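Order-wise, the sequence lines are chains P and F.
As numbered in numbering that gives the first Met the number 0, the first sequence has no gaps in its residue numbers, which increase by one up to the final residue, 190.
As numbered in numbering that gives the first Met the number 0, the second sequence has no gaps in its residue numbers, which increase by one up to the final residue, 190.
Presented below is the structure to which this report refers.
There are 2 protein chains.
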Amino acid sequence: MSETKPMSVAGQRILDAAGDLFYSRGITAVGVDLIAEHSGVTKRTLYNQFGSKDQLVVAYLEEREQRWQLLVRETIAAAESPIEAVLAPLEAQRIWNQNNPRGCAFINALAELPDPTHPAHVVATKQKQWLIDLFLELATAAGCSAPDTLATQLLVLHEGALVTQQLSLDTLAVSIELARGLVRAAVPAQS
Amino acid sequence: MSETKPMSVAGQRILDAAGDLFYSRGITAVGVDLIAEHSGVTKRTLYNQFGSKDQLVVAYLEEREQRWQLLVRETIAAAESPIEAVLAPLEAQRIWNQNNPRGCAFINALAELPDPTHPAHVVATKQKQWLIDLFLELATAAGCSAPDTLATQLLVLHEGALVTQQLSLDTLAVSIELARGLVRAAVPAQS
DNA sequence: ACGCTCCTTTACCGATCGGTGTACTGTAGG
DNA sequence: CCTACAGTACACCGATCGGTAAAGGAGCGT
Numbered sequence: 000m001s002e003t004k005p006m007s008v009a010g011q012r013i014l015d016a017a018g019d020l021f022y023s024r025g026i027t028a029v030g031v032d033l034i035a036e037h038s039g040v041t042k043r044t045l046y047n048q049f050g051s052k053d054q055l056v057v058a059y060l061e062e063r064e065q066r067w068q069l070l071v072r073e074t075i076a077a078a079e080s081p082i083e084a085v086l087a088p089l090e091a092q093r094i095w096n097q098n099n100p101r102g103c104a105f106i107n108a109l110a111e112l113p114d115p116t117h118p119a120h121v122v123a124t125k126q127k128q129w130l131i132d133l134f135l136e137l138a139t140a141a142g143c144s145a146p147d148t149l150a151t152q153l154l155v156l157h158e159g160a161l162v163t164q165q166l167s168l169d170t171l172a173v174s175i176e177l178a179r180g181l182v183r184a185a186v187p188a189q190s
Numbered sequence: 000m001s002e003t004k005p006m007s008v009a010g011q012r013i014l015d016a017a018g019d020l021f022y023s024r025g026i027t028a029v030g031v032d033l034i035a036e037h038s039g040v041t042k043r044t045l046y047n048q049f050g051s052k053d054q055l056v057v058a059y060l061e062e063r064e065q066r067w068q069l070l071v072r073e074t075i076a077a078a079e080s081p082i083e084a085v086l087a088p089l090e091a092q093r094i095w096n097q098n099n100p101r102g103c104a105f106i107n108a109l110a111e112l113p114d115p116t117h118p119a120h121v122v123a124t125k126q127k128q129w130l131i132d133l134f135l136e137l138a139t140a141a142g143c144s145a146p147d148t149l150a151t152q153l154l155v156l157h158e159g160a161l162v163t164q165q166l167s168l169d170t171l172a173v174s175i176e177l178a179r180g181l182v183r184a185a186v187p188a189q190s
């Protein structure tokens, strides 16, 4: 039930190649011919599987969305306290960024596809909304007195760390430390 | 002496149109024909003035760079104290973002042009380096004890506020308030 | 009157873009 | 054995991409 389509082996290969290329070179800059070539598949097969480039872009973003959210949920589950759980999305970046040095795929997609009606644009904003809601939920669960403010602060730090990652500065460690201080200050003392 | 080329009226029109289109629709998505049409100028004139699309992109980014840095310097000059001066780049966003709702043009350019050897990529990273250096300089001038850490924190907040601006949340106000707290805490008490 | 610079007009270039038509092949299931 | 399906091979489409050729008009300082 979780999968609407089992996705054929060729489809998976296409999605893998598209993922690499879109992320590393940009969505607009990568043509369908190149994706077909890199996945060792005919352009015809690509269109039989995905229908159009736009739909392939959507599939690309949704695949990343699933992987990222899974990682975050695992990090939350592994957190030792509600306070640490609030920091989970930031902590998850530690692992994620190792294989994703080109910043946030969703932010990049928004930069390339400004049209709000574009399906890929919708997916990207949906993903960010998910993160906002998650921060709010985690802050509330941790017993934070002003969860809205904290959630916004953490969102800014999260996105800031993500986007400055490309600038060869270790901003993530600084962001996490700062975030930890904010969470501790916002949650009434415990233990 | 400040201008290497006086820039003809047609050149200015082209640059204006290119600025609007590149920023609002994305660099890769906008073709030279469209720019020529929007600026009421022939494609030939465009190429006589700028030589190539890449060079026009560079000119576009450099023009924004100049306008932004000017605004920041004015905000610094208007600051009432060294502590407020450190916050100037954040404060400048208040004005800047009103006419620039699509996030940071340089970050967007980096997203669209991943090739580090691309001249536009170089301009964009140079701009970010300028901001890093500026934060460091301002933090030091304010007498901050650990200017490196503060500068990195402020950079993260700055970029975070910039990139989350598109998400219809007032993240800038939250970021500035948080940044002010950080600066006050980092600078030994005065007066 | 001169040439020079700026700009225009129109037409054109090869390459690539996203996307399709068609006919063929391998293979698994009934 | 036969059908159905997934995938291949390859040619093709109109549109658009960045960029150029050639010729000429308008203004201007000499």
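Heads up, the beta-carbon is just placed ideally off N, CA and C, and yes, glycines get one too.
Remember, predicted model here, so these are calculated numbers, not experimental data.
Leaving out five residues on either side along the sequence, give the residues of the same chain with a beta carbon under 6 Å from the beta carbon of residue i.
i: T139 (chain P); result: P146
i: E79 (chain P); result: none
i: E90 (chain P); result: T74
Can you tell me whether residue i is helix, strand or coil according to DSSP?
i: E213 (chain F); result: Lying outside 0 to 190, the shown extent of chain F, residue 213 (chain F) is not represented and no answer is given.
i: D15 (chain P); result: helix
i: A84 (chain P); result: helix
i: D114 (chain F); result: coil
i: N99 (chain P); result: coil
i: P187 (chain P); result: coil
i: A28 (chain P); result: coil
i: A141 (chain F); result: coil
i: E79 (chain F); result: coil
i: V40 (chain P); result: coil
i: G50 (chain P); result: coil
i: S174 (chain F); result: helix
i: L181 (chain P); result: helix
i: D169 (chain F); result: coil
i: S23 (chain P); result: helix
i: V56 (chain P); result: helix
Taking the straight line between their C-alpha atoms, what separation do you get for residue i and residue j?
i: L86 (chain P); j: V186 (chain P); result: 13 Å
i: A160 (chain P); j: R63 (chain F); result: 24 Å
i: P118 (chain P); j: R93 (chain F); result: 30 Å
i: Y59 (chain P); j: D19 (chain P); result: 9 Å
i: H37 (chain F); j: V8 (chain F); result: 15 Å
i: F49 (chain F); j: P100 (chain F); result: 27 Å
i: V28 (chain F); j: K125 (chain F); result: Checking the displayed sequence, the identity of residue 28 (chain F) turns out to be Ala instead of Val. The straight-line gap from Cα to Cα measures roughly 24 Å.
i: Q65 (chain F); j: L133 (chain F); result: 15 Å
i: W95 (chain F); j: L168 (chain P); result: 25 Å
i: R183 (chain P); j: A141 (chain P); result: 10 Å
i: Q97 (chain F); j: A77 (chain P); result: 42 Å
i: M6 (chain P); j: P115 (chain F); result: 35 Å
i: P113 (chain P); j: L135 (chain F); result: 33 Å
i: E247 (chain P); j: G39 (chain F); result: Missing from the structure shown is residue 247 (chain P); chain P here goes from 0 to 190 and no further.
i: A188 (chain P); j: A188 (chain F); result: 27 Å
Quick check on this structure: which residue in the options has the alpha carbon closest to the alpha carbon of residue i?
i: E171 (chain P); options: P:E158, P:V57, P:E83; result: For the record, residue 171 (chain P) in the displayed sequence is Leu; it is not Glu. Ranking P:E158, P:V57, P:E83 by Cα distance to L171 (chain P) puts P:E158 first.
i: L181 (chain F); options: F:L149, F:V155, F:I131; result: F:L149
i: I82 (chain P); options: P:L112, P:D114, P:L137; result: P:L137
i: T151 (chain F); options: F:L166, F:A178, F:Q165; result: F:A178
i: Q128 (chain P); options: F:P113, F:K127, F:Q165; result: F:Q165
Indicate, with yes or no, if the ligand NAD has a heavy atom lying under 7 Å from the CB of residue i.
i: L168 (chain F); result: Among the components modelled here there is no ligand, and therefore nothing to report on the ligand NAD.
Please go through the same chain and pick out, in chain order, the residues whose beta-carbon is closer than 7 Å to the beta-carbon of residue i, but skip the five residues on each side of it.
i: V31 (chain F); result: K42, L45, K52
i: C143 (chain P); result: L149, A185, V186
i: G10 (chain P); result: Q48
i: A123 (chain F); result: L60, F105, A108, L109
i: E73 (chain F); result: none
Less than 8 Å between C-beta atoms, sequence neighbours within five positions excluded: which residues of the same chain meet that for residue i?
i: T163 (chain P); result: T170
i: I34 (chain F); result: I13, A16, A17, L20, L45, L55
i: L130 (chain P); result: P88, L154, H157
i: I75 (chain P); result: A84, A87, L137
i: V57 (chain F); result: P118, A119, V122
Worksheet item: Are three or more beta carbon pairs between the region 15 to 33 of chain F and the region 174 to 182 of chain P nearer than 8 Å?
Response: The region 15 to 33 of chain F is not in contact with the region 174 to 182 of chain P.
Practice prompt. Pair every Cβ in the region 69 to 80 of chain P with every Cβ in the region 98 to 106 of chain P, then say whether three or more of these pairs are closer than 8 Å.
Written response: no
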